[in-house]
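Since the structure comes first, as structure tokens, the remarks are kept for the end.
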Ligand code: UFG
């Protein structure tokens, strides 16, 4: 199938493009390059031997998007969005405009040209503060703790309403837990600008001696070692979940929701120690105050994706740490010159 991938040069998007090619699909990338580089496409080509068509555009630009769709596409994987939690608190209107506004404009174009298959990059953040663990897809979405989280809840709502209004739509929401790592080739990965906000890239930069030590935000949570628990999942497993969803669900009308996680929780300090032992490096850390908006623990119920998509995460925490480090050492990830 010919699949439009919005945000296809981003961290998760680039891995999704690789997984789609490996599953025999033909991706078309659109991205405004606001948080990624064109050279990502060289990495995709070197891994797969295929150079996907690329359109430099904003998904909210309806004229440009119609051009990119051209002769037509069989489905869309929609990942284009901003994702920095702290920035969303400081600039909420930019987040609502860029994430929700642009998505509405994109959906108008898809409705007009007759594309009715969509896989959406959602997030476990839509569950809010967990009332019960593991988090299941049939649980109510909660109160987001920041504007970024609200944009994910709102985008899901817009899409669910659209699918309800027109039953020819097939909508799939993939709620990612904590995607980390990189393609095992070391050719694509996460390249944060400046100081990383997420844990794994920060750990990698400390191991590479780009930063002196890891700030651990909160050591007094009610968990086994006092640090928060997350469900870290290898980004290639997440990417393969999209290929499965596209394969299994196109034509299955209605709204479908799946968690993409491993079902296992890991504390911050467990991840640090796995990174050190897998890669034989040292990651000094320092305890800091809790980060506002963080929850103590989240992990996924994974049965639904196993049952309907025949998808389960195959890679373990050691694979995630090994591939993150391989990517860090490739020279393509963030370097000293990226520091603010
Ligand atoms: N952490 C640190 N030090 C750091 C960075 C992170 O201690 O320098 C801790 C955080 O406090 C948290 C854990 O590492 O306990 C994971 O933090 P991340 O920022 O890597 O991930 P989050 O769980 O906060 O957020 C991720 C995605 C969001 C998404 C959310 C949904 O980044 O986009 O999961 O649960 F909304």
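In our numbering, the protein residues as written are 13 to 352. Note that beta-carbon positions come from the ideal geometry of N, C-alpha and C, so glycine has one too.
> Between which two residues does the alpha helix (DSSP H) harbouring residue 213 extend?
Replying inline: Residue 213 -> alpha helix (DSSP H) spans 211-219.
> Quick one: what does DSSP say residue 72 is sitting in, helix, strand or coil?
Replying inline: Three-state result, residue 72: coil.
> Which whole-angstrom value describes the C-beta separation of residue 295 and residue 228, a residue pair presumed to lie in contact below a C-beta threshold of 8 Å?
Replying inline: That belief does not hold up - the Cβ atoms of residue 295 and residue 228 are roughly 10 Å apart, past 8 Å.
> Whole beta strand (DSSP E) runs in the segment 236-275 with 3 or more residues, listed along the chain?
Replying inline: Fully enclosed beta strand (DSSP E) runs of 3 or longer: 244-246, 266-272.
> What runs of the beta strand (DSSP E), each 3 residues or longer, lie entirely inside the segment 43-129?
Replying inline: DSSP runs (the beta strand (DSSP E)) wholly in the segment 43-129: 66-68, 87-90.
> Are there 16 or more other CB atoms within 10 angstroms of the CB of residue 177, so buried, or fewer, so exposed?
Replying inline: Exposed, by the Cβ-count rule.
> Which of helix, strand or coil does DSSP assign to residue 175?
Replying inline: In the structure shown, residue 175 sits in a helix (DSSP, three-state: H, G or I).
>> Suppose you measure from the CA of residue 219 to the CA of residue 38; what does that come to, to the nearest Å?
In response: Between the alpha carbons of residue 219 and residue 38 lies a distance of about 37 Å.
> Going by the beta-carbon positions, is the gap between residue 354 and residue 268 smaller than 8 Å?
Replying inline: In the structure as shown, the chain begins at 13 and stops at 352. Residue 354 is therefore absent and cannot be evaluated.
> With residue 311 and residue 252 assumed to form a contact (beta carbons below 8 Å), what rounded beta-carbon distance in angstroms separates them?
Replying inline: About 19 Å separates the beta carbon of residue 311 from that of residue 252, a gap too long to meet the 8 Å contact definition.
> Using a Cβ-Cβ cut-off of 7 Å (strictly less than) and excluding sequence neighbours within five positions of residue 249, which residues of its own chain qualify?
Replying inline: Within the same chain, and ignoring the five residues on either side of residue 249 in sequence, the residues whose Cβ sits closer than 7 Å to its Cβ are 325, 326, 327.
> Just curious, the alpha helix (DSSP H) that residue 294 is in, first and last residue?
Replying inline: No alpha helix (DSSP H) contains residue 294, which DSSP labels as neither H nor E.
>> On the criterion of 16 or more Cβ atoms from any shown chain inside 10 Å, does residue 234 qualify as buried, or is it exposed?
In response: Burial call: exposed.
> Is DSSP giving residue 134 helix, strand or coil here?
Replying inline: Residue state, collapsed to three classes: strand.
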